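So the mapping is simple: this note's numbering equals the position in the sequence shown, first residue as 1, plus 2.
Here the structure is laid out as structure tokens; the discussion comes afterwards.
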Amino acid sequence: MSLPIDSSYRRRKLWLQQAVFALFRVLSYAVVAVLFLILGFILFHGAGVIDWTFLTEAPTDGMTSGGIWPAIVGTFWLMVGSALFAFPVGLISGIYMSEYAPDGRLVAFIRTMTNNLAGIPSIVFGLFGMAFFVNYLSFGDSILAGSLTLGLLALPVVIRTTEDAFRDIAPSYREGSLALGATKAQTIWRVLLPMAMPRVITGLILSLGRVSGETAPILFTCAAYFLPKLPESMFDQCMALPYHLYVVATSGTDIEAQMPIAYGTAFVLIVIVLAMNLLANAVRKHFEKKLKSK
């Protein structure tokens, strides 16, 4: 025979549960509030310079006026170049780890090293890029060297995202495809890859959103202090928003005149990162709808 539960005990338990849920709710709202606070602060100080001219023209008068168009274009090319490197290498590596490599010490070691690679400070990637891509391979300070360095920075996220996406697919899909006579390569290409693609693309886009704001890797490999013209090839230097923001905010002939430009540049950079996150969500939903419709 069960003993009756004391009503005061139940009230205390219910009160504690409600208090914990209220704390979680407050913390969630606080995160959103901090984001809007940062955006509002930057927009308040940089709204005076954000206009069509600011977004489409090159900096002038020692970067105390003009726009940030070369920096926007340079950032775009660096993101495209890093994606062209990180996506195929990360995808193939993740597929190998998930579908071909036997579980054992070697795979565990590779997985550990991949996680460690993701935790290395970005300035170390910059020094490696300068030593290997700029000097050893003689790419010089160029978009190519900067893109490869940023690609290495994004690579661990793509690898782990790909591996996790493939491992989360139920084994029955593999078994069914193989039972129908498909080879392992055909199973991966026609069955598993379309199912894993939403998470793979999402991981890639989120990693690109991160590398778009990195300063240290491009500082040693491609970023120019002042270059008011667009790059003509992958072997040219370029301006980039993170480094341009650093330069405008810390050096120059008239810091007071440059600070609104710094805030405007920061706002554009944040908008690009937010746009990348929204794009990741849109791409994920698009692929999920395609999978459901099949």
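Cβ atoms here follow ideal geometry from the backbone N, Cα and C, with glycine treated the same way.
These figures come from a predicted structure and were not determined experimentally.
### Message
What residue range does the alpha helix (DSSP H) around V34 cover?
### Response
Position 32 of the sequence shown, counted from the first residue, corresponds to residue 34. In the DSSP assignment, V34 falls within the alpha helix (DSSP H) that extends over 9 to 48.
### Task
Can you tell me which of the three DSSP states G69 falls into?
Position 67 of the sequence shown holds residue 69. G69 carries a coil assignment under DSSP once its states are collapsed to helix, strand and coil.
### Message
Counting C-beta neighbours from all protein chains within 10 Å, is the total for E258 16 or more, i.e. buried, or is it exposed?
### Response
For this step, residue 258 is matched to residue 256 along the sequence shown. Exposed, since its Cβ has fewer than 16 Cβ neighbours within 10 Å.
### Message
One question on the structure: do S214 and T77 come within less than 7 Å of each other, judged by their Cβ atoms?
### Response
Taking the first residue of the sequence shown as position 1, residue 214 is located at position 212. Taking the first residue of the sequence shown as position 1, residue 77 is located at position 75. Yes; because the gap between Cβ atoms is below 7 Å, this pair is in contact.
### Query
Span of the alpha helix (DSSP H) holding L150?
Residue mapping note: residue 150 aligns to position 148 of the sequence shown, counting from 1. Taken as a continuous stretch (DSSP letters only), the alpha helix (DSSP H) holding L150 covers 145 to 169.
### Residue range of the alpha helix (DSSP H) that includes W191
As a working note, residue 191 is residue 189 in the sequence shown. Segment: none, W191 is in no alpha helix (DSSP H) and carries neither H nor E.
### Message
Residues in the same chain with beta-carbon distance under 7 Å from G211, minus the five sequence neighbours each way, listed in chain order, please.
### Response
In the sequence shown, residue 211 corresponds to position 209, counting from 1. Result list for G211: V275, M278, N279, in chain order.
#### Entry: Assigned exposure category for H288 - 16 Cβ within 10 Å defines buried
Here residue 288 corresponds to residue number 286 of the sequence shown, with the count starting at 1. When all chains shown are included, H288 counts as exposed.
### Query
With distances taken from CA atoms, which of G153, T55, G142, L41 is nearest F222?
If you number the sequence shown from 1, residue 222 lands on position 220. For the residues G153, T55, G142, L41, the minimum Cα distance to F222 belongs to G142.
### Task
Could you spell out the range, first to last residue, of the alpha helix (DSSP H) harbouring L182?
For the purposes of this step, residue 182 is taken as residue 180 along the sequence shown, with counting starting at 1. From DSSP, L182 is part of no alpha helix (DSSP H); its letter is neither H nor E.
#### Entry: DSSP beta-bridge partners of T62
Walking along the sequence shown from the start, residue 62 turns up at place 60. DSSP lists S67 as partners of T62.
### Query
For T225, which beta-bridge partners are listed by DSSP?
Taking the sequence shown and counting its residues from 1, one reaches residue 225 at position 223. A small correction: the amino acid at residue 225 is Ala; Thr does not occupy that position in the sequence shown. Secondary-structure assignment with DSSP links A225 through a beta bridge to C240.
### Task
Would you tell me roughly how many angstroms separate the C-alpha atoms of G131 and H47, rounded to the nearest one?
For this step, residue 131 is matched to residue 129 along the sequence shown. For this step, residue 47 is matched to residue 45 along the sequence shown. For G131 and H47, the distance between alpha carbons rounds to 35 Å.
### Task
Could you have a look at A251 and say whether DSSP puts it in helix, strand or coil?
In the sequence shown, the residue the question calls residue 251 occupies position 249. It is helical.
### Message
Which runs of the alpha helix (DSSP H) at least 4 residues long sit entirely within the segment 75 to 145? Give them in chain order.
### Response
DSSP runs (the alpha helix (DSSP H)) wholly in the segment 75 to 145: 107 to 120, 124 to 131.
### Message
Are the CB atoms of G266 and V51 within a distance shorter than 7 Å?
### Response
Looking up residue 51 in the sequence shown gives position 49. Looking up residue 266 in the sequence shown gives position 264. Cβ atoms of V51 and G266: closer than 7 Å.
### Query
Would you say the segment 227 to 238 touches the segment 54 to 61, given that touching needs at least three Cβ pairs under 8 Å?
A contact exists between the segment 227 to 238 and the segment 54 to 61.
### Task
Please determine, among L139, V91, Y11, the residue with the shortest C-alpha to C-alpha distance to F237.
The residue given as residue 237 occupies position 235 in the sequence shown. The shortest C-alpha separation from F237 is found at L139.
#### Entry: DSSP three-state assignment for S235, whether helix, strand or coil
By 1-based counting over the sequence shown, the position of residue 235 is 233. Residue state for S235 is assigned as coil, using DSSP reduced to three classes.
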